[in-house]
Amino acid sequence: MRKLFPAAASIVLLAACGGGLSRQMENPEDPQASLVYGYIDMADGPCWLEWFNMKQVAPKVEKPFYHFRVDDGVFYAEYIPIGSFQLNEFGGWGTFPHGNTMYSFFFPKQLQGLRIEKPGIYYIGALKMKDEGNFFKSKYDIDVAEKPSEREVLEKLVPHAKGTTVEARLLQRLGELK
C-alpha cells in the first residue's frame, strides 16, 4: 500500500495540471527554431481549448507531431523547426452540461499548410468555433475570426516568454504592429 501511494499521488497531480506543457516558454534548443502562435475562440464549442497540435509533412521525420502550449484560447510553440506543416488537431474536455467527454476536432488537409523556411515568428491567425448543430445532432465548424488581433494575442504571450530568447522577438514584433 505504501508503495502505491507515490504513484497514485503522481497520477493525481498530473491529471490536476492537465499533464501537458506548462504555459511558460523555454529557450529553444535549436537556434533555427521558430515560434508559431494563434488563437481559437471556443465560446460556441462544447469545451475550452486545452490542446492543439500540428504535423510536420516535409521533410519526413520520425516524430512529426508538435504539441502546443495553450492559454485561454491562445496556442503557441517556440520550438518548431524549419519545414512544412499541417494544422492537425485541437480539443478539450467537456464541461457542464457536456459532462466528462473528450472532444477532438481534426483540421481538413490544407493545400499550402504552413511553410517555415527561416527562423522567426509565425502567426496562424484567429479562428472561431461555430456551432452548426441542433438539439438532436452536434455539428461544429471552424472559421476565420476578426478578433483578437495579432497584437492582442502577442500581448497574452509576452508574460509566458519572460526571461527567454523568445521574449525579444515578441517585443520586436509588437513594436512592428503599432
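For the sequence shown, counting from 1, position 61 maps to 44 in the working numbering; every step adds exactly one.
Cβ coordinates follow ideal geometry from the N, Cα and C atoms, glycine included.
Residue range of the beta strand (DSSP E) that includes residue i
i                 : result
glutamine 69      : 66 to 76
arginine 98       : 97 to 99
glycine 21        : 17 to 24
phenylalanine 35  : 34 to 41
alanine 128       : No beta strand (DSSP E) contains alanine 128, which DSSP labels as neither H nor E.
threonine 6       : Per the sequence shown, residue 6 should be read as arginine rather than threonine. Note, arginine 6: premise wrong, no beta strand (DSSP E); not H, not E.
alanine 60        : 57 to 63
tyrosine 48       : The amino acid at residue 48 is misidentified as tyrosine; the sequence shows phenylalanine. 48 to 50 is the extent of the beta strand (DSSP E) around phenylalanine 48.
isoleucine 109    : It is alanine, not isoleucine, that sits at residue 109 in the sequence shown. Residues 104 to 114.
phenylalanine 173 : With the chain covering only -16 through 161, there is no way to say anything about residue 173.
Closest residue to residue i among the options (Cα-Cα distance)
i                : options                           : result
leucine 110      : Glu100, Lys130 and Pro102         : Lys130
glutamine 93     : Leu4, Glu72 and Val57             : Glu72
arginine 52      : Arg6, Cys30 and Leu140            : Arg6
asparagine 10    : Gln39, Leu32, Ala60 and Lys46     : Ala60
phenylalanine 90 : Ile63, Arg98, Asn83 and Met112    : Met112
serine 17        : Glu159, Lys161, Thr148 and Leu157 : Thr148
glycine 66       : Phe88, Pro42 and Trp76            : Pro42
aspartate 55     : Glu12, Met37 and Leu140           : Leu140
phenylalanine 88 : Ile23, Lys46, Pro64 and Arg152    : Ile23
methionine 8     : Arg152, Glu159, Leu157 and Gly158 : Arg152
leucine 70       : Lys161, Asp27, Asp13 and Ile125   : Ile125
tyrosine 123     : Lys161, Val44 and Gly28           : Gly28
Unbroken alpha helix (DSSP H) run spanning residue i, endpoints
i           : result
lysine 139  : 133 to 140
leucine 154 : 148 to 159
Check whether residue i and residue j have beta carbons under 8 Å apart
i            : j                : result
tyrosine 106 : glutamate 133    : yes
tyrosine 86  : valine 57        : no
leucine 32   : phenylalanine 68 : no
glycine 146  : valine 127       : no
Pairwise C-alpha distance: residue j and residue i
i             : j                : result
glutamate 150 : alanine 144      : 5 Å
tryptophan 34 : leucine 4        : 9 Å
methionine 25 : glutamate 100    : 31 Å
glutamine 15  : isoleucine 104   : 11 Å
glutamate 135 : phenylalanine 48 : 27 Å
histidine 50  : aspartate 114    : 25 Å
cysteine 30   : glycine 77       : 5 Å
glutamine 39  : glutamine 95     : 13 Å
leucine 157   : proline 142      : 13 Å
asparagine 36 : isoleucine 63    : 11 Å
leucine 154   : asparagine 83    : 39 Å
Residue-level contact to chain D via CB, residue i, 8 Å cutoff
i             : result
glutamate 100 : The structure shown contains no chain D; it holds only a single protein chain.
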